[in-house]
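Under our numbering, the first residue of the sequence shown carries the number 1, and numbering increases by one thereafter.
Scroll down for the structure; my scribbles are underneath it.
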Amino acid sequence: MLGLIRYFWQDLTPPLPEGWRPVLKRYVERWPKPLTPYAVAKEVELSTSAVYRAVYALAKNRLILPAGRGYQATVKGAIALLVEEEDPRWLDAVRKIWGVGLGDTAATFYLAALGAAIQKLSFTIREAYICDWVASQAYIITQLDRLRLPPAVEETIRPLLKFPEGTHHSCSRYK
Numbered sequence: 001m002l003g004l005i006r007y008f009w010q011d012l013t014p015p016l017p018e019g020w021r022p023v024l025k026r027y028v029e030r031w032p033k034p035l036t037p038y039a040v041a042k043e044v045e046l047s048t049s050a051v052y053r054a055v056y057a058l059a060k061n062r063l064i065l066p067a068g069r070g071y072q073a074t075v076k077g078a079i080a081l082l083v084e085e086e087d088p089r090w091l092d093a094v095r096k097i098w099g100v101g102l103g104d105t106a107a108t109f110y111l112a113a114l115g116a117a118i119q120k121l122s123f124t125i126r127e128a129y130i131c132d133w134v135a136s137q138a139y140i141i142t143q144l145d146r147l148r149l150p151p152a153v154e155e156t157i158r159p160l161l162k163f164p165e166g167t168h169h170s171c172s173r174y175k
């Protein structure tokens with residue numbers, strides 16, 4: 001089932017060269033703890049300069065972001081690992097970072113729909129603002145009727161698509 005996520009996200013995520021992957025894994029595994037590149041270099045089997053280059057590239061692609069003196073993984077980093085490896089622990093990391101208690105099927109369908117919506121808008125993972133659970137819903141809500149998702153996917157994700165109470169009033173000039 002995780003192949004569904006890869007199908008919708010593979011063109012949206014940057015390739016993860018072998019030198020980047022262990023660095024990104026360390027940041028995602030340690031989320032929400034910010035880590036310095038030096039601390040990561042002590043934990044992975046890469047040279048310090050290779051880790052610094054990887055951190056720079058990962059931050060440039062917004063898979064990790066500056067946090068205090070170090071860097072912290074984003075949900076985009078967990079999604080990139082999920083696309084590359086199709087490992088269920090990265091799906092767990094996505095749920096943990098977003099702070100949602102979705103089941104495997106709902107999380108997989110949601111990520112597939114999100115990837116389809118971002119693709120429809122011609123964005124990449126770098127450009128899309130999906131680090132916040134509620135903000136990520138806006139991509140699906142605005143594109144849902146145009147995505148032509150299988151009925152099972154749409155039925156599963158539709159109940160998840162809710163803006164916080166009162167949002168529709170504050171965002172609309174028409175009442």
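The C-beta atom is built at its ideal place from N, Cα and C for all residues, glycine as well.
The beta carbon of Leu24 lies closer than 8 Å to those of Leu16, Ala54, Leu58, Leu63, Ile64, Ala73, Gly77, Ala80 and Leu81 in the same chain, with the five residues before and after it left out.
According to the DSSP assignment, Ala73 belongs to the beta strand (DSSP E) that extends over Gly70 to Ala73. Bounds of the beta strand (DSSP E) holding Ile64 are Ile64 to Ala67. A check of alpha carbon separations from Leu2 across Leu160, Arg158 and Phe109 identifies Phe109 as the nearest. Residue pairing from DSSP places Leu35 in a beta bridge opposite Tyr71. For the pair Leu46 and Pro14, the CB atoms are not nearer than the 8 Å cut-off. Rounded to whole angstroms, Leu91 and Leu12 show a C-alpha spacing of 17 Å. A direct Cα-to-Cα measurement between Glu155 and Arg6 gives close to 21 Å. In the structure shown, Ala128 falls within a coil segment according to DSSP collapsed to helix, strand and coil.
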